[in-house]
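Asker:
There are 2 protein chains.
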Amino acid sequence: MAKPILYSYWRSSCSWRVRIALSLKNIDYEYRPIDLFSEESKVSIFQFTLRIPRFCQNDPEFVKHNPAKKVPTLVINGLSLTESLAIIEYLDEAFPDPPFLPKELDQRAYSRAIALHIVSSIQPLQAISIHKMLNEKEKRYGDFWCNHFVNRGFKALEELLIKYSGKYCVGNQLTIADINLPSIIYNAKIYNVDMTQYPTIVRIGETLNEHPKFKPAHPDLQPDAPKTTKADM
Amino acid sequence: MAKPILYSYWRSSCSWRVRIALSLKNIDYEYRPIDLFSEESKVSIFQFTLRIPRFCQNDPEFVKHNPAKKVPTLVINGLSLTESLAIIEYLDEAFPDPPFLPKELDQRAYSRAIALHIVSSIQPLQAISIHKMLNEKEKRYGDFWCNHFVNRGFKALEELLIKYSGKYCVGNQLTIADINLPSIIYNAKIYNVDMTQYPTIVRIGETLNEHPKFKPAHPDLQPDAPKTTKADM
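Protein chains in written order, with this note's numbering: chain X, 1 to 233; chain F, 234 to 466.
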């Protein structure tokens with residue numbers, strides 16, 4: 001198998017999920033940063049070739065792999081794969097060990113439901129682009145909006161986790177649900193969500209933070225992360 | 234198997250997806266409407282018992298099945314299942330015929346990617362509650378917002394479908410991707426999206442509209458649909 005290529009952006013929640021999945025499956029890959037806020041790819045500055053070239057969303061090489069121009073995009077086994085959860089399900093089917101889904105149908109459904117609650121009910125409403133657009137519309141409205149929707153989603157998530165969690169989101173096996181949790185907790189903190197309301201989310205998040213396969217996927221450790229991350233908000 | 238119960242709202246995109254999936258799998262079910270815009274359940278008016286009682290989101294019977302208080306919720310085989318795509322994947326695993334996913338891993342990934350693009354990148358940003366909240370913030374801003382994000386999503390969706398579609402979204406087999414398409418086209422029309430820009434989306438949408446298993450899932454045919462649907466906007 002040729003070395004897979006992951007098109008990623010350091011702070012993209014969806015890219016983070018796929019980095020965790022690749023790490024859990026022990027798949028080595030090449031990291032290619034897509035700068036979501038640049039109109040122009042940068043492979044060199046003056047005469048110096050950049051150690052990490054940064055591609056923009058419109059770069060023809062990137063668009064060839066994903067006409068939707070979104071990260072993450074994973075080039076693997078000759079395929080160009082898009083949408084974080086679809087990529088994660090593909091990785092689980094192509095590389096079954098360790099599994100991302102329990103064997104029992106009900107536990108599989110609960111794991112996917114928690115993943116989808118994060119991916120479709122919380123994340124899209126507090127994405128970086130949404131936050132920016134609403135703050136430009138009215139000063140601090142984006143801040144209010146993101147805080148509001150993360151709280152709305154976390155209230156439901158806390159209830160779901162009280163019902164299903166053990167050590168991890170669903171029982172004691174690490175599943176697709178856990179892969180989606182760290183990025184949304186990270187964002188909740190950026191949007192000043194009072195996490196003391198959500199002790200189950202916090203507990204599982206702390207367990208995942210200590211997991212050796214989760215650590216290398218953290219945004220701050222990516223080659224395109226700025227040195228002082230909070231200043232980028 | 235006891236008759237499954239679907240908690241649904243006639244105009245909810247996510248409920249519509251599950252109605253299509255149940256119809257395709259030939260699963261008979263009881264329809265229980267959840268009125269997303271009412272604070273109070275109505276099982277009777279004066280001394281008359283309603284033919285179709287309407288439950289509100291806070292109804293204890295409903296909350297017992299889904300603490301996140303969202304539709305759709307499917308009670309089946311003794312389980313309470315939530316999140317439309319998780320329910321659809323469960324139905325596909327528990328009732329394999331006809332399948333919602335192709336056999337080939339790449340085609341499965343493309344089918345899931347199209348489904349997820351609709352479910353996580355388009356639908357959440359134009360949900361009824363978002364439209365209402367932004368129109369209350371500033372007259373017609375919700376209209377602008379929903380039109381903008383459906384167009385943004387449809388540009389990418391059209392590109393994906395040009396790449397992957399045959400008769401259906403991915404080749405000539407009906408998949409999980411198709412199950413998610415009708416509701417987002419229906420909403421696009423409500424938000425005055427110019428559909429002539431998206432001929433591939435339109436073509437597949439028309440094919441699905443004619444599918445006998447898709448027809449009964451249409452919002453206008455649900456027991457909780459008002460007689461004149463457009464007036465409800």
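Even for Gly, the Cβ is constructed at its ideal location relative to N, Cα and C.
(1) Let me check one thing: in DSSP terms, what residues is residue 55(X) bridge-paired to?
(2) Enumerate, from N- to C-terminal direction, the unbroken alpha helix (DSSP H) stretches of 4 or more residues contained entirely within the region 112-170 of chain X.
(3) Could you confirm whether any beta carbon from chain F is found closer than 8 Å to the beta carbon of residue 121(X)?
(4) I need the straight-line Cα distance from residue 1(X) to residue 143(X), nearest angstrom please.
(5) What number of angstroms, rounded off, separates the C-alpha of residue 186(X) from the C-alpha of residue 202(X)?
(6) Can you look up residue 74(X) in the DSSP assignment and give me helix, strand or coil?
(7) If you follow the beta strand (DSSP E) that residue 5(X) is in, where does it begin and where does it stop?
(8) Please report the Cβ distance between residue 303(F) and residue 286(F), rounded to the nearest whole angstrom; I am assuming they are in contact, meaning their Cβ atoms lie under 8 Å.
(9) For a contact meaning CB atoms closer than 7 Å, what does residue 242(F) contact in chain X?
(10) With a threshold of 6 Å on Cβ separation, who are the neighbours of residue 14(X) within its own chain once the five nearest residues in sequence on each side are excluded?
(11) Nearest to residue 221(X) by alpha carbon, out of 150(X), 172(X), 19(X) and 176(X)?
(12) Kindly indicate the opening and closing residues of the beta strand (DSSP E) around residue 81(X).
(13) To the nearest angstrom, report how far apart residue 437(F) and residue 5(X) are at their CA atoms.
(14) Tell me which residues share the same chain as residue 168(X) and place their Cβ nearer than 6 Å to its Cβ, disregarding the 5 neighbours each side in the sequence.
(15) Distance, Cα to Cα, residue 323(F) vs residue 387(F)?
(16) Report the CB separation of residue 81(X) from residue 342(F) in whole angstroms; it is logged as a contact under 8 Å.
(17) Return helix, strand or coil for residue 422(F), following the three-state DSSP convention.
(18) Counting only C-beta atoms, is residue 326(F) closer than 8 Å to chain X at any point?
(19) For residue 233(X), is the classification buried or exposed, using 16 other Cβ atoms within 10 angstroms of its Cβ as the cut-off for buried?
(20) Between which two residues does the alpha helix (DSSP H) holding residue 65(X) run?
(21) Provide the residue(s) that pair with residue 42(X) in DSSP beta bridges, ordered along the chain.
(22) So if I threshold CB-CB distances at 9 Å, which residues from the region 79-105 of chain X count as touching chain F?
(23) Could you tell me the alpha carbon to alpha carbon distance between residue 268(F) and residue 245(F), rounded to whole angstroms?
(24) Can you find the residues in the same chain that come closer than 7 Å, C-beta to C-beta, to residue 456(F), ignoring five residues on each side of it along the sequence?
(25) Does residue 430(F) pass the burial test, meaning 16 or more other C-beta atoms within 10 Å, or should it be called exposed?
(26) According to DSSP, is residue 107(X) part of a helix, a strand, or is it coil?
(27) Determine which residues of the region 4-28 of chain X have a Cβ less than 9 Å from any Cβ of chain F, and write them out in chain order.
(28) What separation, rounded to the nearest whole angstrom, lies between the Cα atoms of residue 208(X) and residue 259(F)?
(29) Step through the CB atoms of chain B and report whether any lies within less than 8 Å of the CB of residue 389(F).
(30) Out of curiosity, what's the CA-to-CA distance linking residue 368(F) and residue 291(F)?
(31) State the CB to CB distance for the pair residue 421(F) and residue 68(X), rounded to an integer number of angstroms; the pair is presumed to be in contact (CB under 8 Å).
(32) Tell me whether residue 162(X) is buried or exposed, calling it buried when 16 or more other Cβ atoms sit within 10 Å of its Cβ.
(33) Could you check what DSSP says for residue 210(X) in three-state terms: helix, strand or coil?
(34) DSSP on residue 68(X), reduced to helix/strand/coil?
(35) In the structure shown, what three-state DSSP assignment does residue 254(F) receive?
Answerer: So, to answer that:
(1) Your numbering for residue 55(X) matches position 55 in the first sequence. According to DSSP, which records beta bridges pairwise, residue 55(X) is partnered with 34(X).
(2) Here the runs fully enclosed are 128-137 and 141-164.
(3) The residue you call residue 121(X) lines up with position 121 of the first sequence. Cβ-Cβ to chain F under 8 Å: yes for residue 121(X).
(4) Taking the first sequence and counting its residues from 1, one reaches residue 1(X) at position 1. Taking the first sequence and counting its residues from 1, one reaches residue 143(X) at position 143. Between the C-alpha atoms of residue 1(X) and residue 143(X) there is a straight-line separation of about 44 Å.
(5) Within the first sequence, residue 186(X) is the residue found at index 186, counting from 1. Within the first sequence, residue 202(X) is the residue found at index 202, counting from 1. Roughly 11 Å separates the two Cα atoms.
(6) In the first sequence, counting from the first residue as 1, residue 74(X) sits at position 74. DSSP places residue 74(X) in strand when its eight states are reduced to three.
(7) Taking the first residue of the first sequence as 1, we reach residue 5(X) at position 5. Here the beta strand (DSSP E) through residue 5(X) covers 5-8.
(8) By 1-based counting over the second sequence, the position of residue 303(F) is 70. By 1-based counting over the second sequence, the position of residue 286(F) is 53. Not confirmed; about 19 Å, so no contact.
(9) On the second sequence, residue 242(F) is found 9 positions in, with the first residue counted as 1. Within 7 Å of the CB of residue 242(F), no CB atom of chain X is found; the nearest one sits about 15 Å away.
(10) Within the first sequence, the letter at position 14 stands for residue 14(X). Once the five neighbours on either side are set aside, the close Cβ partners of residue 14(X) are 72 and 84.
(11) Position 221 of the first sequence holds residue 221(X). Checking every option, the nearest Cα to that of residue 221(X) belongs to 19(X).
(12) As a first step, residue 81(X) is located in the first sequence; it is residue number 81 there, counting from the start. If you look at residue 81(X), you'll find it in the beta strand (DSSP E) that goes 79-82.
(13) Your numbering for residue 437(F) matches position 204 in the second sequence. Your numbering for residue 5(X) matches position 5 in the first sequence. Rounded to the nearest whole angstrom, the CA to CA distance from residue 437(F) to residue 5(X) is 32 Å.
(14) Residue numbering aside, residue 168(X) sits at position 168 when the first sequence is read from its first letter. Same-chain partners within the cutoff: 174 and 178.
(15) In the second sequence, residue 323(F) corresponds to position 90, counting from 1. In the second sequence, residue 387(F) corresponds to position 154, counting from 1. One C-alpha to the other measures close to 27 Å.
(16) Residue 81(X) sits at position 81 when you count from the first residue of the first sequence. Residue 342(F) sits at position 109 when you count from the first residue of the second sequence. Contact between residue 81(X) and residue 342(F) holds: their C-beta atoms lie close to 5 Å from each other, under 8 Å.
(17) Residue numbering aside, residue 422(F) sits at position 189 when the second sequence is read from its first letter. The three-state reading of DSSP puts residue 422(F) in helix, counting H, G and I together.
(18) As a first step, residue 326(F) must be located in the second sequence, where it is residue number 93. Residue 326(F) has a beta carbon lying within less than 8 Å of a beta carbon in chain X.
(19) As a first step, residue 233(X) is located in the first sequence; it is residue number 233 there, counting from the start. Caution applies to residue 233(X), whose pLDDT of 41 falls short of 50 and renders its modelled position unreliable; the model cannot decide the point.
(20) For the purposes of this step, residue 65(X) is taken as the residue at position 65 of the first sequence. 60-65 is the extent of the alpha helix (DSSP H) around residue 65(X).
(21) Sequence index remark: in the first sequence, residue 42(X) carries index 42 (1-based). The bridge partners DSSP lists for residue 42(X) are 54(X).
(22) Within the region 79-105 of chain X, the qualifying residues are 79, 81, 82, 83, 84, 85, 86, 87, 89, 90, 93, 94 and 105.
(23) Here the question's residue 268(F) lines up with position 35 in the second sequence. Here the question's residue 245(F) lines up with position 12 in the second sequence. Our two residues, residue 268(F) and residue 245(F), have alpha carbons roughly 10 Å apart in a direct line.
(24) To locate residue 456(F), count along the second sequence from 1; it is residue 223. 264, 266 and 285, listed in sequence order.
(25) For the purposes of this step, residue 430(F) is taken as residue 197 along the second sequence, with counting starting at 1. With fewer than 16 other Cβ atoms within 10 Å, it is exposed.
(26) Within the first sequence, the letter at position 107 stands for residue 107(X). Correct three-state label for residue 107(X): helix.
(27) Here the close residues are 14.
(28) The residue you call residue 208(X) lines up with position 208 of the first sequence. The residue you call residue 259(F) lines up with position 26 of the second sequence. Cα to Cα, the separation comes out at about 41 Å.
(29) The question asks about chain B, but that chain is absent: this structure's protein chains are X and F.
(30) Along the second sequence, one-based indexing puts residue 368(F) at 135. Along the second sequence, one-based indexing puts residue 291(F) at 58. The straight-line gap from Cα to Cα measures roughly 25 Å.
(31) To locate residue 421(F), count along the second sequence from 1; it is residue 188. To locate residue 68(X), count along the first sequence from 1; it is residue 68. Their Cβ separation, rounded to whole angstroms, is 17 Å, which puts residue 421(F) and residue 68(X) out of contact at 8 Å.
(32) Counted from its first residue, the first sequence places residue 162(X) at position 162. Exposed is the call here.
(33) Mapped onto the first sequence, residue 210(X) falls at position 210. Under the three-state reduction of DSSP output, residue 210(X) falls in the coil class, being neither helix nor strand.
(34) As a working mapping, residue 68(X) is identified with position 68 in the first sequence. Assignment of residue 68(X) by DSSP, reduced to helix, strand and coil, places it in the coil class.
(35) Mapped onto the second sequence, residue 254(F) falls at position 21. DSSP places residue 254(F) in helix when its eight states are reduced to three.
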